[in-house]
Structure formats: structure tokens, C-alpha cells
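Letter by letter, the sequence shown follows residues 1 to 137 of the UniProt record's numbering.
All residues carry an ideal CB built from backbone N, CA and C; glycine is no exception.
Only one structure is covered here, and it is reproduced in the block below.
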Amino acid sequence: MPTPSSSLNQRGASAVEMALVLPLLLTVVFAIIDYSRFFFLRSTVTAAVADATRLAVLPGTTDAMIAAAVTQALLDPLNQATGQHPNISVTPSQRTAGQPVTVTASLPFSPLILPQFLGKTLFPQNINAAATMVVEP
């Protein structure tokens, strides 16, 4: 049974404990938010590159059409999430039937919440995606 003097000694203990634990708890919560954003962007870029590669294997498509397809697929999600545009490359530029074609995209990434002290070590600088398919005859 607590005595009156021991409860007076414990009066500020919970406030001190909260002051010690709250920064760590908030850091973990903000890291979860930034990681969720990173994985969303990575899956979006990967899906856009895969769709553009499906377009690239069709006869008569140009690099500009492929880049426009990637940009259009990423327009809404990326503008809301980053405001940046990806770097897109298609190799080879002259495609022949039976040869592989590779579409790559690279998007600069910077965390929103943890950029100052943890962002540079926890996250990559770029989100990269690539897909390869064989050109149809």
C-alpha cells in the first residue's frame, strides 16, 4: 500500500517518462509514414515502367510515345507525392523483332518528414525501375 510520502515522490515520474519516450515514438511513426510513401512510389514507378515496356514491344512505337506513356501513368500519383518527373530511357532506340527492349525510369526521392537526420541513411536517393521484353514481330 503506497504511503502518502511515496506518492508525492512519484508525481512527476510519468511526465518525465513521456518526455523521454515521445521523441522516439514520433520518430518511429514518421519513419513508417516515409517508408509507406517510398514503397507506394516504388510500386507506382515499377508498374508504369512495365506498362510502357508492353507498349515498347509493339511495332511502330517511338521513344517519345513510350516516355509519354510512363509520364502519363505517373502524372497523378507523383505530382501529389513528389512534384518531380522521372528520367526515362529506352534501349535500344532502334527496335527489331525478336530483340529485347528495356525501359528504365529513375525518380529522385527525398523523405518528407525525416530528411534532416535519418532520411539520408534510411532511404535511397533514387527510385529505379526497369523492365525488359522481346519486341513482337
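Where do the ends of the alpha helix (DSSP H) carrying residue i lie?
i	result
residue 129	Taken as a continuous stretch (DSSP letters only), residue 129 belongs to no alpha helix (DSSP H), being part of the beta strand (DSSP E) at 126–134.
residue 105	Note, residue 105: premise wrong, no alpha helix (DSSP H); beta strand (DSSP E) at 100–108.
Using a Cβ-Cβ cut-off of 8 Å (strictly less than) and excluding sequence neighbours within five positions of residue i, which residues of its own chain qualify?
i	result
residue 109	38, 41, 82, 123, 124, 125, 126, 127
residue 17	none
residue 87	105, 106, 107
residue 133	53, 54, 56, 57, 100, 101
Over the uninterrupted beta strand (DSSP E) stretch that includes residue i, give me the two end residues.
i	result
residue 53	Segment 13–56 is the alpha helix (DSSP H) holding residue 53; no beta strand (DSSP E) there.
residue 91	87–91
Do residue i and residue j have their C-beta atoms closer together than 9 Å?
i	j	result
residue 73	residue 53	no
residue 63	residue 93	yes
residue 137	residue 98	yes
residue 102	residue 69	no
residue 67	residue 90	yes
residue 71	residue 95	no
Helix, strand or coil for residue i? Go by DSSP, reduced to three states.
i	result
residue 66	helix
residue 75	helix
residue 112	coil
Leaving out the 5 sequence neighbours to the left and right, which residues in its chain are closer than 7 Å to residue i when beta-carbon positions are compared?
i	result
residue 113	30, 33, 34
Do the segment 94–109 and the segment 16–30 meet, that is, are 3 or more Cβ pairs less than 8 Å apart?
no
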